[in-house]
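Here the structure comes first, spelled out in structure tokens, and everything after it is commentary.
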Amino acid sequence: MKNIAYILLITIFSILLSFHTKAYAQTEYLLKDMFIPVYPTKVLSSSVQEEGDAFYFIVPNDLWLEEYKIIPKNSIIKAKITMLKMPLTGINAAMVIKTDDITLPTGEKYPLKGTITYKGNRQIGGDLTPPASYNKALHPRKGQYYNAVLAQYVPSGEYEFGQHVTIKTDEMLYVVLDEDFMRF
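So this is what it looks like as structure tokens:
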């Protein structure tokens, strides 16, 4: 009688363990530093927005991981501006946008920690402006058979005033995950 109870207990335990393993094996998650392509729902511009302003981005295609659809098409990602710098002489405007959560088309909402990137940079804008003027620098050259002067144009040290950053709704941006994203 003890043997039958022992075999029954082991069978129940193995069945429960197999269910737990299957459930764990099908957990859907994206690793840190993965990219999610998105489009902004309205024009982003450093001339109009302020720090803390909320923005929404839409996922244009289904995002699959093996045979699991992790993020369906038309999911909405909510983000906000965490850093905004105005243009200065020599430097264009810059902003950093961090994501808060994602809402699937079914209405499910999950936390999503990431940064919006543009042209491979986690900071949108902030690049240098071109020089406003150039000076001519003369470099004398003397050789055995010639005497010459080379002219070179070098920046004078004065730079143009920076421009505001504007991103239209048809420009693709990417969300780079700062933490693992898991759907429960």
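In terms of this note's numbering, the sequence shown opens at residue 75 and continues consecutively.
Beta carbons are placed, not taken as given, at the ideal position from N, Cα and C, and that holds for glycine.
A quick note: this is a predicted structure, and the numbers were derived from the prediction, not measured.
With contacts defined by Cβ atoms closer than 8 Å, Asp127 and Ile151 do not form a contacting pair.
When the beta-carbon positions are compared, Val122 and Thr173 stay at least 8 Å from each other. For Pro229, the enclosing beta strand (DSSP E) begins and ends at 221-229.
Rounded to whole angstroms, the gap between the alpha carbons of Leu186 and Tyr227 is 50 Å. Nearest Cα to Ala153 within the set Arg257, Met256, Leu251: Leu251. Runs of the beta strand (DSSP E) lying entirely within the region 112-187, each at least 3 residues long, are 128-132, 137-139, 142-145, 150-159, 168-177 in chain order. Exposure of Ser207 is indicated by the presence of fewer than 16 other C-beta atoms within 10 angstroms of its C-beta. Distances from the alpha-carbon of Pro146 to those of Glu182, Ile190, Ile241 put Glu182 closest.
Rounded to whole angstroms, the gap between the alpha carbons of Gln237 and Leu202 is 10 Å.
Going by C-alpha positions, Ala167 is about 10 Å away from Thr240. Following the DSSP letters along the chain, one finds Leu251 inside the beta strand (DSSP E) bounded by residues 247-251.
Here the C-alpha atom of Met246 lies approximately 24 Å from the C-alpha atom of Met256. Counting C-beta pairs closer than 8 Å gives fewer than three between the region 207-221 and the region 128-145, which falls short of the contact rule. With a threshold of 16 other beta carbon atoms within 10 Å, Pro111 falls short and is exposed. With respect to the 8 Å criterion, Glu125 and Met157 are classified as neighbours on the basis of their beta carbons.
Put simply, of Asn148, Asn195, Pro204 the residue whose alpha carbon is nearest the alpha carbon of Leu178 is Asn148.
Pro114 counts as buried, since at least 16 other C-beta atoms from the protein chains shown sit within 10 angstroms of its C-beta. Residue environment: Val170 is assigned as buried (16 or more neighbouring CB atoms within 10 Å of its CB, all protein chains considered). Counting only the Cα atoms, Met108 lies some 18 Å from Ile198.
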